[in-house]
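S.K.:
2 protein chains.
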Amino acid sequence: MRDVAHLAGVSHQTVSRVVNDHPSVRSETRARVLAAMRALDYQPNVAARTLATNRSQTVGLVTFDTTLFGPSFMVHAIERAAREAGYFVSIASARELNVPSVSEAIRRLREQAVEGIITLAPVAAAWTALGRSLLDVPAHVPIVGMGIDVHAMPEVPMVAVDNAAGAGLATRHLIALGHRTVHHVAGPPEWPEARERLAGWQAALTDAGLPVPTPLPGDWSARSGYAAGRALAADPSVTAVFCGNDQMAIGVLRAMHETGRAVPGEVSIVGFDDMPEAPYLQPPLTTVRQDFAELGRRSMHLLVTQIAAGVRQTGQHRSAPDLVVRDSTSALAI
Amino acid sequence: MRDVAHLAGVSHQTVSRVVNDHPSVRSETRARVLAAMRALDYQPNVAARTLATNRSQTVGLVTFDTTLFGPSFMVHAIERAAREAGYFVSIASARELNVPSVSEAIRRLREQAVEGIITLAPVAAAWTALGRSLLDVPAHVPIVGMGIDVHAMPEVPMVAVDNAAGAGLATRHLIALGHRTVHHVAGPPEWPEARERLAGWQAALTDAGLPVPTPLPGDWSARSGYAAGRALAADPSVTAVFCGNDQMAIGVLRAMHETGRAVPGEVSIVGFDDMPEAPYLQPPLTTVRQDFAELGRRSMHLLVTQIAAGVRQTGQHRSAPDLVVRDSTSALAI
DNA sequence: CATCCTTCCGAAAAGGTTTTCGAGAGGAAG
DNA sequence: CTTCCTCTCGAAAACCTTTTCGGAAGGATG
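Residue numbers (my numbering), protein chains in the order written: chain A, 1 to 334; chain B, 1001 to 1334.
#1: Could I get the ranges of all uninterrupted beta strand (DSSP E) runs contained in the region 220-306 of chain A, with 3 residues as the minimum, in chain order?
#2: Residues of chain A with a CB under 7 Å from the CB of SER1093 of chain B: which are they?
#3: Under a CB-based cut-off of 8 Å, is SER1348 of chain B close to chain A?
#4: Which residues of the region 1238-1264 of chain B have a Cβ closer than 8 Å to any Cβ of chain A? Give them in chain order.
#5: So which of B:GLU1258, B:THR1214, B:GLU1193 has the shortest CA-CA distance to PHE1272 of chain B?
#6: If you reduce the DSSP assignment to three classes, tell me which class VAL1137 of chain B lands in.
#7: Measure from the C-beta of GLU1096 of chain B to each C-beta in chain A and report whether the shortest distance is under 8 Å.
#8: So, is the C-beta of ASN1045 of chain B closer than 8 Å to a C-beta in chain A?
#9: Could you give the first and the last residue of the continuous alpha helix (DSSP H) run that contains HIS1076 of chain B?
#10: Using a Cβ-Cβ distance cut-off of 8 Å, determine whether PHE1073 of chain B contacts chain A.
#11: What is the DSSP secondary structure of THR1053 of chain B, reduced to helix, strand or coil?
#12: Under 9 Å Cβ-Cβ, which residues of chain B neighbour ALA113 of chain A?
#13: What residues of chain A sit near THR1119 of chain B, judged by a beta carbon separation below 8 Å?
#14: By how many angstroms is the C-alpha of GLN1043 of chain B removed from the C-alpha of MET1037 of chain B?
#15: Considering only DSSP beta bridges, list what VAL1146 of chain B is partnered with.
#16: Return yes when the Cβ of SER268 of chain A is within less than 8 Å of the Cβ of ALA240 of chain A, no when it is not.
#17: Evaluate contact between the region 1304-1318 of chain B and the region 1167-1178 of chain B, counting only Cβ atoms and requiring at least three cross-stretch pairs below 8 Å.
#18: So PRO283 of chain A and PRO264 of chain A are in contact, right, with Cβ under 8 Å, and what is the actual spacing, rounded?
#19: Beta-carbon of ARG318 of chain A versus every beta-carbon of chain B: anything under 8 Å?
#20: Under 8 Å between C-beta atoms, does GLU1277 of chain B make it to chain A?
#21: Quick check: the region 1256-1263 of chain B against the region 1203-1211 of chain B, are at least 3 beta-carbon pairs closer than 8 Å?
#22: Would you say TRP1282 of chain B reaches chain A, if we count a Cβ-Cβ gap shorter than 8 Å as a contact?
#23: Kindly list the residues whose CB is nearer than 7 Å to the CB of MET1256 of chain B, restricted to its own chain and excluding five residues on each side of it in sequence; keep chain order.
#24: Distance, Cα to Cα, ALA1331 of chain B vs GLY209 of chain A?
#25: Using 8 Å as the limit for Cβ to Cβ distance, is ALA222 of chain A near chain B?
#26: Is there at least one Cβ from chain A nearer than 8 Å to LEU1051 of chain B's Cβ?
#27: Go through its chain and collect everything with a Cβ distance to SER1224 of chain B's Cβ below 7 Å, but skip five positions before and after it.
#28: Whose Cβ in chain B lies nearer than 8 Å to the Cβ of THR67 of chain A?
#29: Can you tell me the Cα-Cα spacing of THR1287 of chain B and ASN1163 of chain B, whole angstroms?
#30: Please return the same chain residues whose Cβ sits closer than 8 Å to the Cβ of ALA92 of chain A, not counting the five positions on each side in sequence.
#31: In this structure, does DSSP put LEU1177 of chain B in helix, strand or coil?
#32: Per DSSP, which one or two residues make a beta bridge with ILE117 of chain A?
#33: Would you say VAL1089 of chain B reaches chain A, if we count a Cβ-Cβ gap shorter than 8 Å as a contact?
#34: Report back the beta-carbon spacing between THR1029 of chain B and THR1014 of chain B to the nearest angstrom; my notes put them in contact at under 8 Å.
Rendered as structure tokens:
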């Protein structure tokens, strides 16, 4: 910077003014400085700027399993939104879904002086860690939770799809097709999304006056879906299954196929997420679509607002999911 | 830090020594300082440290499409390896696969003073941008390319699976099953991985003295695989297809199913990647497995070595892929 | 002509750490 | 007892910006 100032025949403060678009600098001087910057391939030093301004221009992302479709898509969407808002994004993954791992990830992020945190690792237990290591912090780092448990952490703003509504759409779709009940392959109970989808499914059945079968446990993976599918296939009374996500639905589809139960002839199946492969499964999967790009933008927007305001906000921001009907569901054959 | 020094009854330089594990500090003093740090919940300021040491402890990751299975898994693997090596990771995604986008992503990363860069956005054209904006840079930032074109950029070290060998495995597997030739659904030619797989497929056919059909273009997506699959299904002479990745294979499977061509009865299909869903497709997909976690560790290791040595290294590091035979391939029925 | 205001830019401090240099204390060797 | 060495720690400079304050130049006003 000193070199630039020297070359332009001004002092370094003026260079700083030019870099920061300060108004009071003659346009002719500005042009001279800009030329000098270009000539010397000047790169401002972020560390020095951060030190002086106390603003790192960085937001942190705590992730868990980015091989899941949802989170991996969100990383992308959030990075994009962050760039547009002028922020860098630094990621820290939790090794496991427990308190030490998550709080260690948050510690790393805070150590890096991020201005805000978005978390995609939604284990309920972890939030108590958050409560300890984040919310009580004097500098109270702004935070946004993607799909957190609003009951457990009402003071953390969250953005998520309306999981219960989505589950309701799926379940009522199956009921409307004449199914006497709908079975459910659930995501891990540590994930609020999984609990909300389960609750939505349960409510839709109860509202329709139908019996609520015991949900089958899954871990979001196709493998767990397959295991659940084998169990369901063994029960001839099963005619409709709502899966917590598309990947588990893939496993269920496979299990049905293996055991000779036709989809959708004998059994109808619905997923959740609408991953890009869903239309090309056998059969093309009826599923609940959520707009991940929109969720990413929204969470970033919420974070930026908090950073700008300097106060933590609260409240949930829910986006409405859509049901995408394809070929894996059909009316119950009497 | 000053507060900590005050509380411990030492000066701030001594605190710095304790933080950095400097040898010459009495163990009793060290204990006192550590206690003070804990008592005050002291967080060292990275910006100041970076300014003083000129080391940001951060590596940059340039990505393109993290919804693809490979890249999304790699992000995870690299973050993990980086944490173990004591680095933070900052991501920058290229908006599109062209020179301005990629060089803009790199510019953002350099602006952030990353100590090294790993790139997962492997468009050939982009590397000329790299040549301009990175390699010629005085500070010559260490870099590792995941799956770059070694012919175009021999001076950039790279780590990747041996794509040609993997394609050879897949193709020879199909040949050994008696197929007269093997068709290929290729990834986008901008990706070196796609070109290498295509070359490996071609070489295996030529070595076996078999005709080489025109490859069908794809873009890694199931949708493009479906389109290619429809074209292939229309040709009754097609009995074996090697797909550039698993997602396109899903599309091909769907197309075959729709047109009533049995897999593997009439047509055998092989994918590439071995995504977690591969065993649960219909039928379970024979595919080429690559060890993404290992690739992530290796690229990080290579980057750290370069940073430590202060010199750019060259050379390719190839890992050997495995063929995983499942149910989507079978001997040609005469 | 004197005074005041505006516009533009430089001087200097501040931000928190690392690092080099030097000094003091204590012990060992002559 | 003196000298020298080692161990431990403090003083001060350096890293590169931003920001506040003040000053100089020029024009407008009384």
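Each residue gets a CB set at the ideal place from its N, CA and C atoms; glycine is no exception.
M.R.: To lay it out plainly:
#1: 240-243, 268-273, 286-289
#2: HIS76, GLU79, ARG80
#3: Since the displayed chain B opens at 1001 and closes at 1334, residue 1348 of chain B lies outside it and no answer follows.
#4: GLN1247, ILE1250, GLY1251, LEU1253, ARG1254, HIS1257
#5: B:GLU1193
#6: Caution applies to VAL1137 of chain B, whose pLDDT of 44 falls short of 50 and renders its modelled position unreliable; the model cannot decide the point.
#7: no
#8: yes
#9: 1069-1084
#10: yes
#11: helix
#12: GLN1043, ASN1045, VAL1046, ALA1047
#13: None at all; the shortest Cβ gap to chain A is about 15 Å.
#14: 8 Å
#15: For clarity, residue 1146 of chain B is Met in the given sequence; the question names Val instead. Answer is B:VAL1159, bridged to MET1146 of chain B.
#16: yes
#17: no
#18: 7 Å
#19: no
#20: yes
#21: no
#22: Going by the sequence as given, residue 1282 of chain B is Gln instead of Trp. Cβ-Cβ to chain A under 8 Å: yes for GLN1282 of chain B.
#23: GLY1229, ALA1233, VAL1263, VAL1267
#24: 53 Å
#25: yes
#26: yes
#27: GLY1218, MET1248, GLY1251
#28: PHE1069, SER1072, PHE1073, HIS1076, PRO1276
#29: 13 Å
#30: GLY60, LEU61, VAL62, THR63, ALA105, ILE106, ARG108, LEU109
#31: coil
#32: A:GLY60, A:ILE143
#33: yes
#34: 7 Å
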